[in-house]
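To start, the structure itself, in structure tokens.
In full-length UniProt numbering, the protein residues as written are 1 to 129.
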């Protein structure tokens, strides 16, 4: 499945307007293209979106796996248990790595989820320009 970049940018724009630092178009593009070497502002955009969807437990640096998997179950309803396992593993990885800056936590967590899902052959939509 392909997702048009323009549609994704349009969908995230109202949420991104509330972020600090203020992201530019290039940061949203990096986010949706899942750039491993993303700019700091891109990492903070991911953190800001995760904050707005209340994905961090008690405002900390652990991601609420139950809530995240609840959102993801719309795309992968038969994979909830496995997604919970992946999310918990990514939380553990961040903790073991000693990552505590929230923008970095959000980015590394997102990259971990993506890699784990790819390694398990999840059908992940492709973003097209």
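We put the beta carbon where it would ideally sit given N, CA and C, even for glycine. Bear in mind the structure is a predicted one, so any value in this text is a computation, not a measurement.
In its chain, beyond the 5 residues on either side, 69, 72 and 76 have a beta carbon closer than 7 Å to the beta carbon of residue 83.
Residue pairing of residue 128 in beta bridges, as defined by DSSP: 4.
By the CB criterion at 7 Å, residue 127 and residue 53 fall outside the cutoff. Per DSSP, reduced to three states, the secondary structure at residue 53 is coil, with no helix or strand assignment. C-alpha of residue 42 to C-alpha of residue 85: approximately 26 Å in a straight line.
In the DSSP assignment, residue 63 forms a beta bridge with 56.
Relative to the Cα of residue 19, the nearest Cα in the group 80, 7, 40 and 4 belongs to 40. Annotation for residue 35: 42 place their beta carbon closer than 8 Å to its own, counting only its chain and skipping 5 residues before and after.
Distance from residue 125 to residue 5 at the Cβ level is roughly 11 Å; contact not present, criterion being Cβ atoms closer than 8 Å.
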